[in-house]
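*Asks:*
Number of protein chains: 2
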Amino acid sequence: MQNRLTIKDIARLSGVGKSTVSRVLNNESGVSERTRERVEAVMQQHGFSPSRSARAMRGQSDKVVAIIVTRLDSLSENLAVQTMLPVFYEQGYDPIMIESQFSPAMVEEHLGMLQRRNIDGVVLFGFTGIRAEILARWQPSLVLLAREAKGFASVCYDDEGAIQTLMQRLYDRGHRHISYLGVPHHDVTTGQRRHQAWLTFCKQHELATVSALPGLTMKQGYEHVAQVLMPETTALVCATDTLALGASKYLQEQRIESVQLASVGNTPLIKFLHPEIVTVDPGYAEAGRRAASQLIEQINGRSEPQQIVIPATLS
Amino acid sequence: MQNRLTIKDIARLSGVGKSTVSRVLNNESGVSERTRERVEAVMQQHGFSPSRSARAMRGQSDKVVAIIVTRLDSLSENLAVQTMLPVFYEQGYDPIMIESQFSPAMVEEHLGMLQRRNIDGVVLFGFTGIRAEILARWQPSLVLLAREAKGFASVCYDDEGAIQTLMQRLYDRGHRHISYLGVPHHDVTTGQRRHQAWLTFCKQHELATVSALPGLTMKQGYEHVAQVLMPETTALVCATDTLALGASKYLQEQRIESVQLASVGNTPLIKFLHPEIVTVDPGYAEAGRRAASQLIEQINGRSEPQQIVIPATLS
DNA sequence: CTGTTAGCGCGTTCAA
DNA sequence: TTGAACGCGCTAACAG
Numbered sequence: 001m002q003n004r005l006t007i008k009d010i011a012r013l014s015g016v017g018k019s020t021v022s023r024v025l026n027n028e029s030g031v032s033e034r035t036r037e038r039v040e041a042v043m044q045q046h047g048f049s050p051s052r053s054a055r056a057m058r059g060q061s062d063k064v065v066a067i068i069v070t071r072l073d074s075l076s077e078n079l080a081v082q083t084m085l086p087v088f089y090e091q092g093y094d095p096i097m098i099e100s101q102f103s104p105a106m107v108e109e110h111l112g113m114l115q116r117r118n119i120d121g122v123v124l125f126g127f128t129g130i131r132a133e134i135l136a137r138w139q140p141s142l143v144l145l146a147r148e149a150k151g152f153a154s155v156c157y158d159d160e161g162a163i164q165t166l167m168q169r170l171y172d173r174g175h176r177h178i179s180y181l182g183v184p185h186h187d188v189t190t191g192q193r194r195h196q197a198w199l200t201f202c203k204q205h206e207l208a209t210v211s212a213l214p215g216l217t218m219k220q221g222y223e224h225v226a227q228v229l230m231p232e233t234t235a236l237v238c239a240t241d242t243l244a245l246g247a248s249k250y251l252q253e254q255r256i257e258s259v260q261l262a263s264v265g266n267t268p269l270i271k272f273l274h275p276e277i278v279t280v281d282p283g284y285a286e287a288g289r290r291a292a293s294q295l296i297e298q299i300n301g302r303s304e305p306q307q308i309v310i311p312a313t314l315s
Numbered sequence: 001m002q003n004r005l006t007i008k009d010i011a012r013l014s015g016v017g018k019s020t021v022s023r024v025l026n027n028e029s030g031v032s033e034r035t036r037e038r039v040e041a042v043m044q045q046h047g048f049s050p051s052r053s054a055r056a057m058r059g060q061s062d063k064v065v066a067i068i069v070t071r072l073d074s075l076s077e078n079l080a081v082q083t084m085l086p087v088f089y090e091q092g093y094d095p096i097m098i099e100s101q102f103s104p105a106m107v108e109e110h111l112g113m114l115q116r117r118n119i120d121g122v123v124l125f126g127f128t129g130i131r132a133e134i135l136a137r138w139q140p141s142l143v144l145l146a147r148e149a150k151g152f153a154s155v156c157y158d159d160e161g162a163i164q165t166l167m168q169r170l171y172d173r174g175h176r177h178i179s180y181l182g183v184p185h186h187d188v189t190t191g192q193r194r195h196q197a198w199l200t201f202c203k204q205h206e207l208a209t210v211s212a213l214p215g216l217t218m219k220q221g222y223e224h225v226a227q228v229l230m231p232e233t234t235a236l237v238c239a240t241d242t243l244a245l246g247a248s249k250y251l252q253e254q255r256i257e258s259v260q261l262a263s264v265g266n267t268p269l270i271k272f273l274h275p276e277i278v279t280v281d282p283g284y285a286e287a288g289r290r291a292a293s294q295l296i297e298q299i300n301g302r303s304e305p306q307q308i309v310i311p312a313t314l315s
């Protein structure tokens, strides 16, 4: 708003030229210690901070990144975003948030907007169905979360590991009839991989395979548990804790206490409501941190797009 | 990144001067219909969009606003933010998100950063304990949510109305022993007002007043319900649905089915997990929309800071 | 090592 | 009604 001071002012106040101030500002070499210190002192004293827009105009980067979540109230995505924000802020990036509501059209529209705005980078949460040509332009400055795609940077959870850990734990506790409640295979990670890992474990240990893949809402969990509860079932693995919440509601209502629930994802909500559920932590917090720093590295050209997998830990 | 075209290019391509393009861009008067149409056609055709940073540098506004939530995973705040985002995007504002974690120090620090960045405005969620002199500088471009302060714009929920509605409903259903589980009074809105409204209703109808004000976490709800459950208690009003979730967990565990729960806040989670709970909708969605548009109006100088109250509706 | 100069893309005079 | 010139705050190229 009002007359903020500029490098010109700082220059005048410290008796040097504009460009020297600029050099100090950007930690460039070629400035004597004495001058640098003097200039820095003046900047401190006046609480000077350079105009973002002016820098952006020269440098082609306004230091803004976008985080596109599927839903603001996704428990798991929240945990990742929570650790992501501080990283961005520390590095001077402004993170703007966008909700995709699982709509590819909406994502494409937003990506278009982001491009027109010349945004620096994007973190895109678990998403499929976006046209390749749209995504392609973002290849150097995009990090996918919980999804991977050839040539793109991504941070994924160890779906197989998570399910294996869960199954092994249940198996060790003596369970031999472990049903599965999951997500359809068009969701490659949460859907296909987790289901497949469960199938594999069952095969290896010669267990019967009773499963359903209704989707990822609580309601779907609630409505479809019954399908996978056989008389002999003693445990149920859920692909997500949201599903587990739905399932657990059903079990409570039916007063079924003989079934051990287990799920991927240890959100605070489920830990509180149902501490008896066995969970593995897919590493949401770590995933957020990694995604943010990976994106920043890419933006600065310090790293090529990489595929990162976060190990799951029993919780 | 690469050579985006500028107004200069558009000017050349449409055979006019830069300033004419600028005028068209800003819908200024003083441009003939023919020229305007021609220029607009060229802009359309080349998908031109002006550089944000360049405009910002001239106009002192980069069209960025900040939304400071207490927690990313707050159920109620999520609902408000969800309706807020589209409003900002429609008006060309980039909403950046910040989590305060209920820490006044953190908010002050972030406000400082936002000021250095020359942000246009801030939506600040339910917060007290920030020094007045800090907040003062933001007075023209700040909207408080779920909190009010003299001289500041705010969007609040109708705490009294919500509780009254709830109580009346319970009373009509024949309940005469209605306990209360709430939040300490240092939280003026969710704490004091709701509690006071409950007290008032009880006085008017000569009901006994059994209550506890543990805080606003589920855990606190869970741990303190017992205190307010008398043998004669038939209903329990909770100040927030988070508290209600905690309380309800306790009731389930104790197999207590004789107590009707009621709470302020109809988040999808509680509607699904406990549809039997009587809830009022404080109007989260509407609050988000109003807050966003109020902020934009203020930024553009089209409105003075106002105090808005959203009516509660039975849900 | 440092100051001077020239733009970046846009809005805003001021003449024409 | 329009265009040319200037400057916003900053960085980069070039002098000194």
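For the record, the sequence lines run as chains A and B.
Numbering-wise (UniProt numbering), the first sequence opens with residue 1 and increments by one.
Numbering-wise (UniProt numbering), the second sequence opens with residue 1 and increments by one.
Beta carbons are placed, not taken as given, at the ideal position from N, Cα and C, and that holds for glycine.
Since this is a predicted model, take the numbers as computed values, not measurements.
Just to confirm before moving on: does the CB-CB distance between B:Ala136 and B:Gln298 stay below 8 Å?
*Replies:* no
*Asks:* Looking only at C-alpha atoms, which of A:His224, A:Thr240 and A:Val264 sits nearest to A:Leu251?
*Replies:* A:His224
*Asks:* What does DSSP give as the partner residues of A:Pro95 in its beta bridges?
*Replies:* A:Val65
*Asks:* Quick one: residues in its chain with C-beta nearer than 6 Å to the C-beta of A:Met1, no 5 flanking neighbours on either side, listed in chain order?
*Replies:* Confidence at A:Met1 is low in this model, with a pLDDT of 44, below 50, so the placement of that residue should be treated as unreliable; the coordinate-derived value is given next. Hits under 6 Å: none found.
*Asks:* If we cut at 8 Å on Cβ distances, does A:Pro95 have a partner in chain B?
*Replies:* yes
*Asks:* Buried or exposed for B:Gly121, please, with buried defined as at least 16 other CB atoms from any protein chain shown within 10 angstroms of its CB.
*Replies:* buried
*Asks:* Measuring alpha carbon to alpha carbon, tell me which residue in B:Arg302, B:Thr6 and B:Gly112 is nearest B:Ile134.
*Replies:* B:Gly112
*Asks:* Closest by CA to A:Glu90, which one among B:His110, B:Val259, B:Thr313 and B:His177?
*Replies:* B:His110
*Asks:* If I measure Cβ to Cβ from B:Gly151 and keep anything under 8 Å in the same chain, skipping five residues before and after, which residues do I get?
*Replies:* Gln139 and Pro305
*Asks:* Cα separation between B:Leu236 and B:Ser179?
*Replies:* Distance between B:Leu236 and B:Ser179, taken at the CA atoms: about 5 Å.
*Asks:* A:Met43 CB to nearest chain B CB: under 8 Å?
*Replies:* Using a Cβ-Cβ cut-off of 8 Å, A:Met43 does not count as an interface residue toward chain B, since no Cβ of chain B sits closer than that to its own.
*Asks:* Identify the contact partners of B:Arg116 in chain A, using a Cβ-Cβ distance below 7 Å as the criterion.
*Replies:* Ser49
*Asks:* Mind checking which residues open and close the alpha helix (DSSP H) that includes A:Leu269?
*Replies:* From DSSP, the alpha helix (DSSP H) with A:Leu269 extends over Pro268 to Leu273.
*Asks:* From this set, A:Val42, A:Pro104 and A:Ser211, which residue's C-alpha is nearest A:Gly129's C-alpha?
*Replies:* A:Pro104
*Asks:* Measure the Cβ-Cβ separation of B:Asp241 and B:Ser263 and say whether it is below 8 Å.
*Replies:* yes
*Asks:* Does DSSP put A:Ser14 in a helix, in a strand, or in coil?
*Replies:* helix
*Asks:* Please return the same chain residues whose Cβ sits closer than 6 Å to the Cβ of B:Leu72, not counting the five positions on each side in sequence.
*Replies:* Glu99
*Asks:* Go through its chain and collect everything with a Cβ distance to residue 317 of chain A's Cβ below 6 Å, but skip five positions before and after it.
*Replies:* The first residue shown for chain A is 1 and the last is 315, placing residue 317 of chain A beyond what the model contains.
*Asks:* Give me the DSSP bridge partner(s) of B:Ala262.
*Replies:* B:Val237 and B:Val278
*Asks:* Taking the alpha-carbon positions, what's the A:Gln44 to A:Ile10 distance?
*Replies:* 10 Å
*Asks:* Whole angstroms is fine: what's the gap from B:Pro95's alpha carbon to B:Val228's?
*Replies:* 42 Å
*Asks:* Can you check DSSP and say which residues form a bridge with B:Thr313?
*Replies:* For B:Thr313, the pairing in a beta bridge is given by DSSP as B:Asp281.
*Asks:* Looking at chain B, is there any beta carbon in it that lies within less than 8 Å of the beta carbon of A:Gln82?
*Replies:* Yes, A:Gln82 lies at the interface with chain B (some Cβ there is under 8 Å from its Cβ).
*Asks:* What is the residue span of the alpha helix (DSSP H) that A:Leu111 lies within?
*Replies:* Pro104 to Arg116
*Asks:* Between A:Asn78 and chain B, is there a C-beta pair that is closer than 8 Å?
*Replies:* It does: the Cβ of A:Asn78 has a partner Cβ on chain B nearer than 8 Å.
*Asks:* Which residue wins for smallest C-alpha separation from B:Thr189, given the options B:Met106, B:Glu160, B:Thr267 and B:Arg169?
*Replies:* B:Glu160
*Asks:* A:Arg23 and A:Val31: beta carbons closer than 8 Å?
*Replies:* yes
*Asks:* List, in chain order, every chain A residue whose beta-carbon is nearer than 7 Å to that of B:Arg281.
*Replies:* The residue asked about is misnamed: residue 281 of chain B is Asp in this sequence, not Arg. Ordered by position in chain A, no residue passes the 7 Å Cβ test against B:Asp281, which lies about 16 Å from the chain.
*Asks:* Starting from A:Ala136, trace the alpha helix (DSSP H) in both directions and tell me its first and last residue.
*Replies:* Where A:Ala136 is concerned, the enclosing alpha helix (DSSP H) starts and stops at Ala132 to Ala136.
*Asks:* Secondary structure at B:Met1, three-state DSSP: helix, strand or coil?
*Replies:* Any reading at B:Met1 must be qualified, since the residue scores a pLDDT of 44, below 50, and its modelled position is unreliable; the value itself is stated next. Coil at B:Met1, not helix or strand.
*Asks:* Could you check if A:Met218 is buried or exposed, using at least 16 other CB atoms within 10 Å of its CB as the buried criterion?
*Replies:* buried
*Asks:* Applying the criterion that 16 or more other CB atoms from any shown protein chain within 10 Å of the CB defines a buried residue, is B:Ile270 buried or exposed?
*Replies:* buried
*Asks:* Counting contacts by CB-CB distance shorter than 8 Å, is A:Gln204 in contact with chain B?
*Replies:* no
*Asks:* To the nearest whole angstrom, what separates the beta carbons of A:Arg116 and B:Ser49, a pair I think is in contact under 8 Å?
*Replies:* The C-beta distance from A:Arg116 to B:Ser49 rounds to 4 Å, short enough to meet the 8 Å contact threshold.
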